[in-house]
Amino acid sequence: MDVEIHEQLTSDLDVEWRNFLENSPHQHPRQHPAFAEEERALGRRPVFAVGRSGGRVTAAALISLEPHKLFPGYFSTAWWQSGPICNSASGMIEFLEVLKTHEALSRVGRLHVSPYWIGEKSTEMDREFDKAGWKTSGKERFSSTGIIDLEKEAEEAFADFSKSARREVRRAARQEVVYRPAATDSEALIFLRSLNALRTERHLKPITREGFMAAFRVVLRPADIGVLMTAWKADCFLAGVFVIRSRTTVHVSHFTTEPEPLAKAGNLRIAPALWFEAMKWGQEKGCAAMDVEGYELPAPGSKMRNIYKYKSELSPDLVYRVSAREKPVNKFTHLTGSGADKMIGQARRLSKRLWQR
1 MDVEIHEQLT
11 SDLDVEWRNF
21 LENSPHQHPR
31 QHPAFAEEER
41 ALGRRPVFAV
51 GRSGGRVTAA
61 ALISLEPHKL
71 FPGYFSTAWW
81 QSGPICNSAS
91 GMIEFLEVLK
101 THEALSRVGR
111 LHVSPYWIGE
121 KSTEMDREFD
131 KAGWKTSGKE
141 RFSSTGIIDL
151 EKEAEEAFAD
161 FSKSARREVR
171 RAARQEVVYR
181 PAATDSEALI
191 FLRSLNALRT
201 ERHLKPITRE
211 GFMAAFRVVL
221 RPADIGVLMT
231 AWKADCFLAG
241 VFVIRSRTTV
251 HVSHFTTEPE
261 PLAKAGNLRI
271 APALWFEAMK
281 WGQEKGCAAM
291 DVEGYELPAP
301 GSKMRNIYKY
311 KSELSPDLVY
321 RVSAREKPVN
331 KFTHLTGSGA
341 DKMIGQARRL
351 SKRLWQR
């Protein structure tokens, strides 16, 4: 496989890229060229890698290079957000192994990939990763998510919701809740403030304004490959859901609600109605499925039980996805960059456990 890396896509290469992405069985919208703008806003350096066999594009990857904290011109990690895109597991490994030795990535500490291989295909990709020495970035070889069938008519999909979810959708209609895509910066920032308040409550890192607004301007406001669907009662913001799409699948990225206004609206549970609007948007774009991006059967005692509970009311099918993998490239850069961060984190956790004894 011949591999080339570009700082920018020419118009012809952009057409090739999009055609390949749209026809791959493992397509994911995070590999759309538009997301390069968000990566730049986050302070990363996006580059485009293309693999060719017989002159034809057989692999593509939007790679985000994370600058090294200590050494200018070096990068701690090369991130693939739900990529690379490749149609065969063996081709994926060939593409990655060529990239690992590519001059353009010689100053990178490690490669971190997370291709969108789900269902039965996830085990095939896992085997190839294992044989090629790619290690899991976390503890598990697979993660789980939920897929909702959008090939049904909207009302048929609605009929699959749980009884309580259907009731909440009807209650929202009686409360005269209005749904619309966010169209202005001020509406986007209302959503972001709500989302970050929720993330702070859950001890998660907040989403940066720079990265989010770049995604809003390029991806969400045009409402083609993504949309920020919001729910309002009069002029009061109730909730929002951030979704992006490939040709085949809508993916949920972020969801937030405002508890006080919802309580005043009769303790309304807005998730079923708002997600239903996102599903209908995906159907209008020709998508056949929605990926809720993270799902397990709700279990008592689980920290994620409440989240999985409201997702379960939409009747998703549980499927498994191959987990993210990583491999060092430049050992010195890795040990002084992301590797050092990992060791510091492990030392802190060990110290905390010893202190608690």
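One point on numbering: in UniProt numbering, the residue at position 296 of the sequence shown is 296, and numbering is uninterrupted.
Ideal placement from N, C-alpha and C gives every residue a C-beta, glycine not left out.
Check                                                                                                : Outcome
CB of V47 within 8 Å of CB of L65, strictly                                                          : yes
DSSP state of E94 mapped onto helix, strand, coil                                                    : helix
Inside the region 8-39 only - alpha helix (DSSP H) runs reaching at least 4 residues                 : 11-23
Per DSSP, the bridge partner or partners of S53                                                      : R56
Status (buried if at least 16 other CB within 10 Å, exposed otherwise) for L274                      : buried
Stretch-stretch touch, CB-based, cutoff 8 Å, three pairs: the region 302-312 with the region 113-123 : no
Check whether F142 and S323 have beta carbons under 8 Å apart                                        : yes
C-beta contact flag for V218 and A34 at 8 Å                                                          : yes
Whole-angstrom distance between A215 and F20, CA atom to CA atom                                     : 22 Å
Contact check, A61 vs P84, beta carbons under 8 Å                                                    : yes
Segments of 3+ residues assigned as beta strand (DSSP E) that fall wholly inside the region 175-263  : 178-181, 226-233, 236-245 and 249-257
Unbroken alpha helix (DSSP H) run spanning D126, endpoints                                           : E120 to K131
In DSSP terms, what P67 is bridged to                                                                : F75
Cβ distance (whole Å) where G109 is taken to contact N330 below 8 Å                                  : 6 Å
W80 - partner residues in DSSP beta bridges                                                          : I63
6 Å Cβ shell around A271 - same chain, five flanking residues per side excluded                      : Y310
Opening and closing residue of the alpha helix (DSSP H) in which R305 lies                           : R305 to S312
Endpoints, the alpha helix (DSSP H) within which G146 is located                                     : From DSSP, G146 is part of no alpha helix (DSSP H) but of the beta strand (DSSP E) over F142 to D149.
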